[in-house]
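Just so you know, we're using this note's numbering here: the sequence shown kicks off at 186 and counts up by one. Where is the CB? At the ideal position from N, CA and C, for every residue including glycine. Each remark here refers to the structure printed beneath this line.
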Amino acid sequence: MKCNTFVRQVKEEHGRHTDATVKVPFLKKCKEAGLLNYLLEEILDKVHSIPEKLMDETTSESDYEEIGSALFDCRLFEDTFVNFQAAIEKKIHASQQRRQQLKEEIELLQDLKQTLCSFQENRGLMSSSTSVSSLSY
Numbered sequence: 186m187k188c189n190t191f192v193r194q195v196k197e198e199h200g201r202h203t204d205a206t207v208k209v210p211f212l213k214k215c216k217e218a219g220l221l222n223y224l225l226e227e228i229l230d231k232v233h234s235i236p237e238k239l240m241d242e243t244t245s246e247s248d249y250e251e252i253g254s255a256l257f258d259c260r261l262f263e264d265t266f267v268n269f270q271a272a273i274e275k276k277i278h279a280s281q282q283r284r285q286q287l288k289e290e291i292e293l294l295q296d297l298k299q300t301l302c303s304f305q306e307n308r309g310l311m312s313s314s315t316s317v318s319s320l321s322y
């Protein structure tokens with residue numbers, strides 16, 4: 186392992202331990218300086234740009250990675266993903282119900298079609314027997 190990599194890992198581990206002690210005062214200072222709204226608006230701008238970036242055909246792999254990290258590594262969105270999972274389950278259930286309804290409708294239509302074919306065949310037989318009996322007279 187290179188020395189630079191080791192130093193970076195030590196700094197990252199140290200950074201994880203001191204995250205809260207650095208972040209809380211930072212947010213408080215932003216609030217005192219009247220910059221908290223500005224900070225949050227910048228964050229919202231980034232969040233609002235995510236769908237556009239993801240829908241763009243030229244989005245790079247690194248853009249996907251950056252967006253993925255921003256969304257999935259943030260505890261702020263944990264409850265969102267739980268709710269999203271529930272929405273997925275609900276949509277699956279609704280789709281399964283719709284599929285069952287369509288299956289039943291198809292079976293009914295096929296039965297109706299068969300009945301109609303049988304009716305037409307019987308009518309055709311009756312019509313031809315009527316034609317034959319009318320010719321016998």
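Does DSSP classify Val317 as helix, strand or coil?
-> The predicted model places Val317 with a pLDDT of 49, which falls under 50 and marks its position as unreliable; any figure quoted below should be read in that light. Val317: helix per DSSP, three-state reduction.
Taking the alpha helix (DSSP H) that Ala218 falls in, what are its first and last residues?
-> First-last for Ala218: undefined, no H or E at that position.
Inspect the CB distances between the stretch 232-239 and the stretch 248-256 and report whether three or more fall short of 8 Å.
-> yes
Where does Met186 fall in DSSP's three states?
-> Low local confidence applies: a pLDDT of 46 at Met186 is under 50, so the model's placement there is unreliable, with the coordinate-based value given in what follows. Residue state, collapsed to three classes: coil.
Ser245 - DSSP class collapsed to helix/strand/coil | coil
Within the same chain, show all residues whose beta-carbon is closer than 8 Å to that of Phe180, passing over the 5 residues directly before and after it, in chain order.
-> With the chain represented from 186 up to 322, any question about residue 180 goes unanswered, as that position is not in the structure.
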